[in-house]
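Here is the structure we will look at.
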Amino acid sequence: MPDTPVICLVDDDSDFLEMEKSIFESRGWRVRCYTDPAAALAGLTQETPSLVVTDLMMRALDSGFSLARAVKSDPGLAGVPVIIVSAVSSQKGFDFHPKTPADLAAMHADAFFDKPVSPAALLSKAEELLR
Amino acid sequence: MSTESEPARILVVDDELGVREGCRKILAAEGYAVVTAGDGKAGLEQFLERGPFHALLVDLQMPRMSGLELMREVRSRDEDVVCIIITAHATIDTAVEGTRQGAYSYIPKPFTPDELLLSIKNGLERRALALEARRLRDEREKRLLELASERSKSNTIIACMSDGVLVINTDKLVVLRNNAAARLLPDSANRELPFPLDEIANRDVREILGLVIGSPGEFMILSREIPLGGATYVVSASPVIEPGGETSGAVAVFSDVTALKKLETAKSTFVSMVAHEVKSPLAATEGWLNLILSGMLKHDEAEERRMIQRSLLRVRTLRSMVNELLNLTAIETGNFTLNRRPVEVASVAAETAAAYAEKAAEKNITVSAAPPADPVPGVLADREALSIICSNLVENAIKYGRQNGRVDVRVASAGMYVTLVVADDGIGMSPEDRAKVFDEFFRARNEVTASIPGTGLGLSLVKRLTELHQGTVAVESALGSGSTFTVSLPALGSAPGSVPLESQTHSVLQRGRGKTEA
Numbered sequence: 001m002p003d004t005p006v007i008c009l010v011d012d013d014s015d016f017l018e019m020e021k022s023i024f025e026s027r028g029w030r031v032r033c034y035t036d037p038a039a040a041l042a043g044l045t046q047e048t049p050s051l052v053v054t055d056l057m058m059r060a061l062d063s064g065f066s067l068a069r070a071v072k073s074d075p076g077l078a079g080v081p082v083i084i085v086s087a088v089s090s091q092k093g094f095d096f097h098p099k100t101p102a103d104l105a106a107m108h109a110d111a112f113f114d115k116p117v118s119p120a121a122l123l124s125k126a127e128e129l130l131r
Numbered sequence: 001m002s003t004e005s006e007p008a009r010i011l012v013v014d015d016e017l018g019v020r021e022g023c024r025k026i027l028a029a030e031g032y033a034v035v036t037a038g039d040g041k042a043g044l045e046q047f048l049e050r051g052p053f054h055a056l057l058v059d060l061q062m063p064r065m066s067g068l069e070l071m072r073e074v075r076s077r078d079e080d081v082v083c084i085i086i087t088a089h090a091t092i093d094t095a096v097e098g099t100r101q102g103a104y105s106y107i108p109k110p111f112t113p114d115e116l117l118l119s120i121k122n123g124l125e126r127r128a129l130a131l132e133a134r135r136l137r138d139e140r141e142k143r144l145l146e147l148a149s150e151r152s153k154s155n156t157i158i159a160c161m162s163d164g165v166l167v168i169n170t171d172k173l174v175v176l177r178n179n180a181a182a183r184l185l186p187d188s189a190n191r192e193l194p195f196p197l198d199e200i201a202n203r204d205v206r207e208i209l210g211l212v213i214g215s216p217g218e219f220m221i222l223s224r225e226i227p228l229g230g231a232t233y234v235v236s237a238s239p240v241i242e243p244g245g246e247t248s249g250a251v252a253v254f255s256d257v258t259a260l261k262k263l264e265t266a267k268s269t270f271v272s273m274v275a276h277e278v279k280s281p282l283a284a285t286e287g288w289l290n291l292i293l294s295g296m297l298k299h300d301e302a303e304e305r306r307m308i309q310r311s312l313l314r315v316r317t318l319r320s321m322v323n324e325l326l327n328l329t330a331i332e333t334g335n336f337t338l339n340r341r342p343v344e345v346a347s348v349a350a351e352t353a354a355a356y357a358e359k360a361a362e363k364n365i366t367v368s369a370a371p372p373a374d375p376v377p378g379v380l381a382d383r384e385a386l387s388i389i390c391s392n393l394v395e396n397a398i399k400y401g402r403q404n405g406r407v408d409v410r411v412a413s414a415g416m417y418v419t420l421v422v423a424d425d426g427i428g429m430s431p432e433d434r435a436k437v438f439d440e441f442f443r444a445r446n447e448v449t450a451s452i453p454g455t456g457l458g459l460s461l462v463k464r465l466t467e468l469h470q471g472t473v474a475v476e477s478a479l480g481s482g483s484t485f486t487v488s489l490p491a492l493g494s495a496p497g498s499v500p501l502e503s504q505t506h507s508v509l510q511r512g513r514g515k516t517e518a
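The following block contains the structure:
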């Protein structure tokens, strides 16, 4: 990797934001944190990150999905991989957990994790997606 | 013979002593109870004094009162008395006249004992049969009357039931429909009974009744949840089975389950919210611990310590949430017992302010609880509950307060109420958030609040506890300009039947205050 990767983190729970920040910073990567998906999207269009890691259920139930869709439908951002990390994979009778690559594609994500995600698993998935 | 257990009683009236006594001997020998009289008038007297009699043996021609006259008198009082005429002047005319007056038969004099006994026996048998027939007729009439009134009672009850009832016969004709069913099926409400089931517009109702009636010999009960007139009904159809086992139709009962459905949804929503709210702090704690154990921090002790403290914070939040949930459940199930005594609200306010001074100092917030300027009556309250109310409000005010801000806790008298006001100059709330602030698990979510831990149960607990004390809680707030919560509790002495604070409760308050100062 020639440049230092820039990771965009979106979560309205500051604990997870800080946890993920520590995980990526331990690799020497740069991290930008957002608690609001709208602010994150605005930041993304200013400086294209290497990877987006977003929570699923923030202020609106599907704000993580909306953010992922916005990233993938923006020509300038479409190549940026998106990881969804969620504590609500089976909330309210919906099973968000993707079973097939097609499911993942349908949610405009490249990877999906249940909270809490193991630091090693998150890092190795991030490295794989950045390669 | 008579079906009555007593011996039959016979009155013999004849002016000839020989005939009188002869009859007595013959009848008494057969076990009858016999009374005699010498003329019509004496006969009537005996009848009135020593009755009732089953039979009357009467001579036609007697002094003072004739036999026919006596018969009329007797039968006007008891038409069941068997009258038998004994006469020496038996002619067709007198016999016809006697029968017209109601005599059963006549015996011409002279007669043999057997003739007399046979005549009496037949007469009494005839009387017994007539009585039995009348008893049966009376009973039948009585039963019919009861049946008719039972039936009209049942019809009235069915008509007035809040559940809808619809009955069809085996020809699929609607034969009974109560008021509620007519209201629920408005399309066919004006159809006169009986009318074909197919004319009922609701497909579900037609189907389940059709299925039940279409499987005779099977005891099939079908239930279906059907939306009707903006509500949800469970319609249950079952066969109408006659005592002989024959299926004669099907009955559908419509029960309104709207409230139950709402409750069910509310319960599921609540359980799912609790699960989510419990999962978040648990996941955060687990995440921090995973991170510490991962070795990624290269054993930076200060960093590890910070992370453990963050986990601890989430675990504490979880614990207070469980406590609040338990308290809320106890209030809902009526198991939250209030130990109500006269309490001075200002003393609780002062205690709470002192207890939160340290926490407030972290954000350099000043919490002040100045003693009220004018005397304030006490309230009849559970001191612990009041303390929970006050603590939750002060804690919220600090959590959502600004760095270097202030929180004011004021107690004042307001007519029949004592008010506890907790005001902050913090971030405030939007009108939308303000409307939901007392809902369970509601937390205002924005940039600023994202980093503030909370259960979303504190204010709903405040509301429930306040309402348990017949009080109210209100909030005034605007985004960016702080929030003011006002709890109003009935002042002691203002509610009927409560004890005036000054006279009876001062010592209690003194003791209470002494304890908190200690």
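So the protein lines, in turn, are chains A and B. For the first sequence, the positions run 1 to 131 when the numbering used here is used. For the second sequence, the positions run 1 to 518 when the numbering used here is used. No residue lacks a Cβ here, since even glycine has one placed at the ideal position from N, Cα and C. None of the values given here were measured: they were computed from a predicted structure.
* **residue 1 (chain A) versus residue 67 (chain A): straight-line alpha-carbon distance, rounded** => Confidence is the limiting factor: at residue 1 (chain A) the pLDDT is only 47, short of 50, which leaves the residue's position unreliable and the question unanswerable from this model.
* Asked: What in chain B is Cβ-close to residue 15 (chain A), meaning under 8 angstroms?
  -> The CB of residue 15 (chain A) comes closer than 8 angstroms to the CB of 284, 287, 288, 310, 314 in chain B, given here in chain order.
* Of all the beta strand (DSSP E) runs that stay within the bounds of the segment 57-127 of chain B, which reach a length of 3 or more residues? -> Those beta strand (DSSP E) runs which fall completely within the segment 57-127 of chain B and span 3+ residues are 82-87, 105-108.
* **Own chain residues within Cβ distance below 6 angstroms of residue 410 (chain B), not counting five before or after** => Cβ neighbours of residue 410 (chain B) beyond the five flanking positions: 421.
* To do: Consult DSSP for residue 496 (chain B) and reduce its assignment to one of helix, strand or coil.
  => Confidence in residue 496 (chain B) is poor, its pLDDT being 49 and thus under 50, which makes the residue's placement too unreliable to answer from.
* To do: Note down, in chain order, each residue of its chain lying with its Cβ closer than 7 angstroms to the Cβ of residue 364 (chain B), except the 5 sequence neighbours on either side.
  => Answer for residue 364 (chain B): 403, 404, listed in chain order.
* To do: Give a yes or no on whether 7 angstroms exceeds the smallest Cβ distance from residue 37 (chain A) to chain B.
  => The Cβ of residue 37 (chain A) sits no closer than 7 angstroms to any Cβ of chain B.
* Can you give me, in chain order, the residues of the segment 265-283 of chain B that have a beta carbon less than 7 angstroms from any beta carbon in chain A? => From the segment 265-283 of chain B, only 272, 276, 279, 280, 283 have a Cβ closer than 7 angstroms to chain A.
* Which residues in the same chain as residue 223 (chain B) place their Cβ atom closer than 6 angstroms to its Cβ, once the five residues preceding and following it in sequence are excluded? -> Excluding its 5 nearest sequence neighbours in each direction, residue 223 (chain B) has C-beta neighbours in its own chain below 6 angstroms: 234, 236, listed in chain order.
* Is residue 1 (chain B) helix, strand or coil by DSSP? -> Annotation note: pLDDT 44 at residue 1 (chain B) (below 50); position unreliable, no value reported.
* Min CB distance residue 296 (chain B) to chain A below 7 angstroms -> Residue 296 (chain B) counts as touching chain A.
* Which residues of chain A have a Cβ atom closer than 8 angstroms to the Cβ of residue 291 (chain B), listed in chain order? -> The contact set of residue 291 (chain B) on chain A, defined by CB atoms closer than 8 angstroms, consists of 19, 22, 23, 119 in chain order.
* Identify whether residue 4 (chain A) lies in helix, strand or coil by the three-state DSSP scheme. => In the three-state reduction of the DSSP assignment, residue 4 (chain A) falls in the coil class.
* To do: Report yes or no: is there a C-beta of chain B within less than 7 angstroms of the C-beta of residue 125 (chain A)?
  => Chain B places no beta carbon closer than 7 angstroms to that of residue 125 (chain A), leaving this residue out of the contacts.
* Taking the C-alpha atoms as reference points, what is the distance between residue 102 (chain A) and residue 389 (chain B)? -> Taken atom to atom, the span from the alpha-carbon of residue 102 (chain A) to that of residue 389 (chain B) is near 51 angstroms.
* Consult DSSP for residue 431 (chain B) and reduce its assignment to one of helix, strand or coil. => Residue state, collapsed to three classes: helix.
* **Length of the line joining the Cα atoms of residue 121 (chain A) and residue 343 (chain B)** => Whole-angstrom Cα-Cα distance: 57 angstroms.
* Assuming residue 34 (chain B) and residue 12 (chain B) make a contact with CB atoms under 8 angstroms, what is their CB distance in whole Å? -> Confirmed, about 6 angstroms.
* Check the C-beta distance from residue 87 (chain A) over to residue 294 (chain B) and give it rounded, since I have them as a contact under 8 angstroms. => Actually they do not touch by this definition, with Cβ atoms about 20 angstroms apart.
* Proximal residues of chain B, C-beta to C-beta of residue 87 (chain A) below 8 angstroms -> Within chain B, the residues 276, 279, 280, 283 have their CB atoms less than 8 angstroms from the CB of residue 87 (chain A), given in chain order.
* To do: Give me the Cα-Cα distance between residue 331 (chain B) and residue 338 (chain B), rounded to the nearest whole angstrom.
  => Residue 331 (chain B) and residue 338 (chain B): Cα-Cα distance of roughly 10 angstroms.
* Measure the C-alpha to C-alpha separation of residue 356 (chain B) and residue 14 (chain A) and round it to an integer number of angstroms. => Distance between the alpha carbons of residue 356 (chain B) and residue 14 (chain A): 24 angstroms.
* To do: Identify the continuous beta strand (DSSP E) that holds residue 15 (chain A) and give its terminal residues.
  => Run containing residue 15 (chain A): none in the beta strand (DSSP E); it sits in the alpha helix (DSSP H), 14-25.
* Got a sec: is the Cβ-Cβ distance from residue 115 (chain A) to anything in chain B below 7 angstroms? -> The beta carbon of residue 115 (chain A) falls within 7 angstroms of a beta carbon belonging to chain B, placing the residue at that interface.
* Who pairs with residue 222 (chain B) in a beta bridge, going by DSSP? -> Its beta-bridge partners are B:237.
* Asked: residue 183 (chain B): buried (16+ other C-beta within 10 angstroms of its C-beta) or exposed?
  -> Burial call: exposed.
* Helix, strand or coil at residue 83 (chain A) [DSSP, three-state] -> Three-state result, residue 83 (chain A): strand.
* For residue 175 (chain B), which option in B:435, B:393, B:413, B:199 has the closest C-alpha, if you only look at C-alpha atoms? -> The shortest C-alpha to C-alpha distance from residue 175 (chain B) to any of B:435, B:393, B:413, B:199 is the one to B:199.
* residue 26 (chain A) CB to nearest chain B CB: under 7 angstroms? -> Taking Cβ atoms only, chain B reaches closer than 7 angstroms to residue 26 (chain A), which makes this a yes.
* **DSSP state of residue 519 (chain B) mapped onto helix, strand, coil** => In the structure displayed, chain B extends from 1 to 518; residue 519 (chain B) sits before or after that span and is not available.
* Where does residue 496 (chain B) land, buried or exposed, given buried means 16+ other C-beta within 10 angstroms? -> Below a pLDDT of 50, predicted positions are generally treated as unreliable, and residue 496 (chain B), at 49, falls in that range; the measurement from the model is reported next regardless. Answer is exposed; the Cβ neighbour count stays below 16.
* Asked: Exposed or buried, which one is residue 65 (chain A) when buried takes at least 16 other CB atoms within 10 Å?
  -> Residue 65 (chain A) comes out buried.
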